[in-house]
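Respectively, the protein sequence lines represent chains Z and F. Final position of the first sequence in numbering that gives the first Met the number 0 is 416; the numbers increase by one with none missing. Final position of the second sequence in numbering that gives the first Met the number 0 is 416; the numbers increase by one with none missing. The block underneath contains the structure these notes are about, expressed in C-alpha cells.
Protein chains: 2
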Amino acid sequence: MQQTFASIITIGDELLIGQVIDTNSAFIAQQLNSIGISIKHRLAVGDAWDDIWQALDEESKHASIILITGGLGPTSDDITKPLLCEYFGGKLVIDEGALQNVKAIFKRLDRPMIERNLKQAEVPDVCTVIPNQRGTAPGMWFEKNGVIYISMPGVPHEMKGMIENYVLVHLQKDRQLPSIIHKTLLTAGVGESFLADLIQTWEEALPQHIKLAYLPNYGMVRLRLSATGAEKGTLEEEVSAEFDKLQLLVKDYLVTDEDEPMEKVVAKLLLARNETMATAESCTGGYIAHLITQMAGSSAYYNGSVVSYSYDAKEDLLGVSHNLLVEKGAVSEEVVKQMVTGALARLKTTYAVAVSGIMGPGGDTEGKPVGTVWVAVGNHENVMTQRFHFRFDRRRNIELTATNALNLLRKFILSVA
Amino acid sequence: MQQTFASIITIGDELLIGQVIDTNSAFIAQQLNSIGISIKHRLAVGDAWDDIWQALDEESKHASIILITGGLGPTSDDITKPLLCEYFGGKLVIDEGALQNVKAIFKRLDRPMIERNLKQAEVPDVCTVIPNQRGTAPGMWFEKNGVIYISMPGVPHEMKGMIENYVLVHLQKDRQLPSIIHKTLLTAGVGESFLADLIQTWEEALPQHIKLAYLPNYGMVRLRLSATGAEKGTLEEEVSAEFDKLQLLVKDYLVTDEDEPMEKVVAKLLLARNETMATAESCTGGYIAHLITQMAGSSAYYNGSVVSYSYDAKEDLLGVSHNLLVEKGAVSEEVVKQMVTGALARLKTTYAVAVSGIMGPGGDTEGKPVGTVWVAVGNHENVMTQRFHFRFDRRRNIELTATNALNLLRKFILSVA
C-alpha cells in the first residue's frame with residue numbers, strides 16, 4: 000500500500016524572526032500519523048503574498064495533503080484568506096454558519112462587535128467551511144488537481160479543535176490509509192555511541208521496513224522503532240517482536256518502554272504503589288512541581304512543593320538549620336538532606352525530593368562552580384544523595400536537574416521493597 | 000541595499016512525527032536577524048537521503064545561506080555528513096582538530112572511547128570545519144555557486160555555541176549587511192480587532208518599509224514594527240518615531256514597550272522599587288515560580304513559593320483555616336486571600352500572589368465549572384482579588400492563569416504609591 004504524504008505550511012513573520020516557537024506542527028504531525036498519514040515537509044513562510052503562493056505550488060508537488068496554519072485573523076497582516084481565494088479562483092462570500100458563530104461568541108463574551116469581526120465570516124465560495132467551535136475564524140477545505148488544502152487558524156487551541164473534530168474524520172473518508180506504528184523506549188545513564196554498539200547486531204538484522212532512530216538528550220537516549228504497512232495487525236506484531244528484543248538488549252539502562260517523560264514514569268510508579276511525594280526546590284524554582292502538576296490527576300500522589308529561594312524560606316518552611324546553611328552553604332549535601340526531611344514532615348508524603356544548586360550564569364559562590372547541584376531523595380527511613388555538575392545554560396541546567404532528580408527518585412522508589 | 004536571505008533546514012524524522020518540538024530554528028532566526036540576515040524559509044525534512052538532497056537543491060534557489068541542523072550523530076540514522084560529502088563532491092578525512100576535541104571530551108568525562116566516537120572527527124575534505132566546543136560532532140561550512148551551506152548538530156546547546164562563536168562572525172566577514180529592526184510592545188485587556196480599529200489611521204499612514212504585525216495571545220496582543228534598511232541610524236529613528244506614536248495610541252492597554260514576558264515586567268518593577276514577592280500556588284502547581292526563577296538574578300526580588308496541592312499543605316504551610324476550606328472550598332475568594340496573607344507572613348515579602356482553580360480536564364467539584372480560577376494579590380495593607388474563567392486545555396489554562404495573575408500583581412504594584 001502506498002504511503003500518503005502531507006506537508007504542513009505555517010504562515011507568519013513571527014516564525015521567521017524567531018519570536019514564536021511553532022508547537023502547532025508537532026501536534027498536527029502526531030494526529031496525522033495516528034491515522035496513517037506521513038509528513039513530508041514542515042515549512043514556515045512569512046506573511047508575504049509571493050512566498051505563500053510559491054509554497055503552495057511547491058508543496059503540492061511533494062504531498063497530496065497540504066495543511067496550512069496562520070494568517071486568518073481580522074487584521075491587515077493576515078493575508079491567507081484573500082490569497083487562497085485568488086489561488087483557487089473563488090470570490091469571498093459570507094458563510095451563514097460562520098456568521099452565526101461569530102455573533103454567538105461576541106454575545107457570550109458580551110463585547111461589542113465591529114465590522115472587522117463580521118468579515119471573519121467571509122470565505123471563498125470554492126471552499127468547504129470547517130467549523131471553528133473555539134474562535135471566530137472559520138477553517139477552509141479546498142481541493143485542486145487531486146490535492147487537498149486545509150487552512151486553519153494559527154491559534155493552537157482553535158487549530159486543535161478543527162483537527163480533532165473535523166479534519167481527521169474527513170481525511171479518512173473514502174480513503175484507504177496504511178498503518179503507522181511508532182514504539183519508543185527511554186534509557187538513562189549510557190551514551191548513544193555505546194548503545195549503538197550494544198545493539199548493532201540486532202539493528203543490522205532489522206527488517207527493511209522497520210526504522211530505528213536514536214534521540215539523545217544529555218545522558219538519556221530514546222530509541223524509536225517506526226514502521227508503515229497495510230495490515231495493522233501484522234505490522235503491530237512485527238514491530239512488537241523487535242521492540243521486545245531491543246528492550247532485552249538495553250535492559251540495564253531501561254527507564255520506560257513508553258514514549259513518556261520521567262515525571263510520568265514516577266507518577267505511574269506512585270499510583271501503582273498508592274504512595275505520595277513532595278518536592279523541596281531551590282535551584283529548580285518550581286519546575287519539578289510544574290512538570291508533575293501539568294499532568295491531570297497529579298493531586299492523587301502529589302501534595303505540593305516548597306520553593307525555597309531564600310535562606311529564610313529554607314529555615315522557616317523546611318526547618319533547615321540556620322547554622323548548617325551558614326557552615327555548609329545552601330548548595331550542600333547536608334542541606335538537601337534536611338530539605339527532604341522537612342518536606343516529608345510538612346507535606347506528609349511517602350517520598351520527597353530536594354534540590355539545591357547554582358544554575359548560572361552567575362552565582363558561583365561558596366567555592367562551588369556554576370552547574371553544581373545537590374539532589375536528595377528519600378522516605379521516612381532513608382535518604383539518598385547525588386552530586387551533579389551541569390555545564391549548560393540556565394534553562395537547560397534547570398531542565399537537567401529536574402529530570403535527573405526525578406530519575407534518582409525513581410531509582411529510590413524501586414529500591415524500596 | 001539588497002536583503003540577504005537565509006533558509007533553515009532541520010533534519011530528523013522526530014520533527015515530522017511530532018515527537019520533538021523544534022526550538023533551534025527560533026534561536027537561529029533571532030541571531031541571524033540581529034546581524035541583518037532575513038529568513039526566507041524554515042523547512043523540516045526527515046532522515047531520508049532524497050528528501051535532504053532535494054531540500055538543499057530547492058532552498059539554494061530561495062536563499063544564499065542555508066543553515067542545516069541535525070543528523071550528525073554517531074549512529075546509523077545520522078546521514079547528513081555522508082550526504083553532504085557526496086553533495087559537494089568530497090571525501091571523508093579525519094580532521095586533526097576535531098579528533099583532539101573528541102579525545103579531550105572523553106578524557107574529561109572519563110569514559111572509554113570506541114571506534115564510533117573517533118568517526119565523529121571525520122569531515123568532507125571540501126568543507127571548512129566549525130569547531131564544536133560543547134560536543135563531539137564538528138560543524139561544517141561549504142560554499143557552492145555563491146551559496147553558503149552551514150551544517151550543525153541538532154543538540155541545541157552545541158548548535159548555539161557554533162552560532163555564537165563562529166557562524167555570526169564569519170557571515171559578517173567581507174559582507175555588507177543591512178540593519179533589521181524589530182520593536183514590540185505588549186497590550187492587555189483588549190482584542191486585536193478593537194486594537195486594529197483604534198490604530199487604523201496611523202497604520203494606513205505607515206511608511207511602506209515599516210511593517211506592522213499583530214500577535215494575539217488570548218486577551219494579550221503584541222504589536223510589532225519591523226523594518227529593514229541600509230542605514231542603521233536613520234532606520235532606528237524612523238521606527239522609533241512610529242513606535243512612539245503607536246504607544247500613545249494604545250496607552251490605555253500598554254503593559255510594556257519591550258518584547259518581554261509578563262514575569263519580566265513584574266521583575267523590573269520590583270527591582271526598581273527594591274521590593275520583593277512570593278507566590279502561593281495551587282492550580283498552577285509551581286509554574287509561576289518557574290517563570291520567575293528561570294530568569295537569572297530572580298533571587299534579588301523573589302523569596303519562594305508554597306505549592307499547596309493538598310488541603311493539608313494549604314493549612315500547614317500557609318495557615319489557611321480548615322473551616323474556610325471546608326465551607327467555601329479551595330477554589331474561593333476567601334481561600335486565595337488567606338493564601339496571600341500566609342505567603343506574605345511565611346516568605347517575608349512586600350507582595351504575594353495566590354491562585355486556586357480547576358485546570359481540567361476533570362475536577363469540576365464544589366459546583367464550580369472547570370476553568371474557574373480565583374487570583375489574589377496583595378501586600379501587608381491590602382488584598383485585591385479577581386475571578387477568571389478559562390475554557391482551554393489544562394496546559395493552556397495553567398499558562399493563562401500564571402500570566403493573568405502576574406498581570407494583576409503588576410496592576411496592584413502600580414496602584415501602590
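Cβ atoms here follow ideal geometry from the backbone N, Cα and C, with glycine treated the same way.
(Q) Using 8 Å as the cut-off, can you tell me whether the segment 378-396 of chain Z makes contact with the segment 232-251 of chain Z, which would need three or more C-beta pairs spanning the two stretches below that distance? (A) no
Here's a check: name, in chain order, each residue in its chain whose Cβ is nearer than 6 Å to the Cβ of Z/Thr-348, leaving out the five neighbours to either side. Thr-275, Met-276, Ala-277 and Asn-302
- Message: Would F/Ala-54 and F/Leu-71 qualify as a contact pair, given that the criterion is a beta-carbon distance under 9 Å?
- Response: No, these two residues do not count as a Cβ contact at 9 Å.
_Contacts around Z/Leu-82, its chain only, beta-carbon distance under 7 Å, and the 5 residues preceding and following it disregarded_ = Trp-48, Ile-51 and Trp-52
| query | Whose C-beta lies closer than 6 Å to the C-beta of Z/Ile-36 among residues of the same chain, with five residues either side of it excluded? | reply | Thr-3 and Ala-5
From Z/Gly-45, Z/Cys-126 and Z/Glu-58, residue whose alpha carbon lies closest to that of Z/Gly-88: The shortest Cα separation from Z/Gly-88 among Z/Gly-45, Z/Cys-126 and Z/Glu-58 belongs to Z/Cys-126.
Q. CB-CB under 6 Å to F/Gly-188, same chain, minus the five flanking residues each way: which ones, in chain order?
A. Tyr-252
Practice problem: Alpha carbon to alpha carbon, how far is F/Glu-13 from Z/Glu-58? Give it in angstroms, no decimals. | Solution: Distance between the alpha carbons of Z/Glu-58 and F/Glu-13 is about 20 Å.
Would you mind sorting F/Arg-221 into buried or exposed? The rule is 16 or more other CB atoms within 10 Å of its CB. buried
- Item | First through last residue of the alpha helix (DSSP H) which encompasses F/Tyr-428 | With chain F running from 0 to 416 in the structure shown, residue 428 of chain F is simply not present.
| query | For the segment 6-21 of chain F, which residues have a beta carbon sitting closer than 9 Å to at least one beta carbon of chain Z? | reply | Here the close residues are Ile-7, Thr-9, Gly-11, Asp-12, Glu-13, Leu-14, Leu-15, Ile-16, Gly-17, Gln-18, Val-19, Ile-20 and Asp-21.
Quick one: complete beta strand (DSSP E) runs, 3+ long, within the segment 344-393 of chain Z? 350-356, 371-377 and 382-388
Fill in: Length of the line joining the Cα atoms of F/Ala-204 and Z/Lys-118
22 Å
Check: Going along the chain, which residues of its own chain have a beta-carbon closer than 8 Å to the beta-carbon of Z/Ile-357, five neighbours each way excluded?
Finding: Cys-282, Val-330, Asp-363, Thr-364, Lys-367, Pro-368, Val-369, Gly-370, Thr-371 and Val-372
Worksheet entry | Strand pairing of F/Trp-52, partner residues [DSSP] | By DSSP's assignment, F/Trp-52 forms no beta bridge with any residue.
- Just the Cα atoms here: how many angstroms apart are F/Tyr-300 and F/Thr-400? 21 Å
(message) By DSSP's criteria, Z/Val-92 is part of a beta bridge. Which residues make up the other side?
(response) Z/Val-122
| said: Tell me the DSSP secondary structure of F/Asn-131 in three-state form. | reply: DSSP, reduced to helix, strand and coil, places F/Asn-131 outside both helices and strands of the structure shown, so it counts as coil.
Roughly how many angstroms separate the alpha carbons of Z/Pro-217 and Z/Glu-398, rounded to a whole number? Here residue 217 of chain Z turns out to be Tyr, not Pro, going by the sequence shown. So the alpha carbons of these two residues sit roughly 11 Å apart.
* Asked: Counting Cβ pairs closer than 8 Å, one from the segment 335-342 of chain Z and one from the segment 252-265 of chain Z, do we hit at least three?
  -> no
Throw me the rounded Cβ distance for the F/Ala-226 and F/Glu-236 pair, which I believe falls under 8 Å.
Wrong, their Cβ atoms sit about 11 Å apart, outside the cutoff.
- Task: Pair every Cβ in the segment 152-169 of chain F with every Cβ in the segment 60-77 of chain F, then say whether three or more of these pairs are closer than 8 Å.
- Result: The segment 152-169 of chain F vs the segment 60-77 of chain F: in contact.
I need the DSSP call for F/Glu-142, collapsed to helix, strand or coil.
strand
Query raised in the report: Is any beta-carbon of chain F found at less than 9 Å from that of Z/Ala-271?
Result: no
Under a CB-based cut-off of 9 Å, is Z/Tyr-308 close to chain F?
-> yes
Is Z/Phe-387 close to chain F, meaning its C-beta is less than 9 Å from at least one C-beta of that chain?
no
For the candidate residues Z/Gln-1, Z/Arg-107, Z/Leu-98 and Z/Pro-130, whose alpha-carbon lies nearest to that of Z/Glu-121?
Z/Leu-98
Reduced DSSP category for Z/Gly-341 - H, G, I as helix; E, B as strand; rest coil = Reduced to three states, the DSSP call for Z/Gly-341 is helix.
Indicate the three-state DSSP secondary structure (helix, strand or coil) for F/Pro-155 in the structure shown. Helix, per DSSP.
For Z/Val-265, the first and last residue of its enclosing alpha helix (DSSP H): 261-272
Considering Cα atoms alone, identify which of F/Asp-315, F/Ile-209, F/Arg-133 and F/Gly-328 is closest to F/Ala-344.
F/Asp-315
Delimiting residues of the beta strand (DSSP E) encompassing F/Val-189
From DSSP, F/Val-189 is part of no beta strand (DSSP E); its letter is neither H nor E.
- Query: How would you write the range of the alpha helix (DSSP H) that F/His-169 sits in, first residue to last?
  - Reply: 167-171
Using a Cβ-Cβ distance under 9 Å, would Z/Asp-196 count as near chain F?
-> yes
Exercise for review: Verify the CB distance criterion: does F/His-40 have a CB-CB separation below 9 Å to chain Z?
Suggested key: yes
- Does the segment 156-164 of chain F come close enough to the segment 124-140 of chain F to have 3 or more Cβ pairs within less than 8 Å? yes
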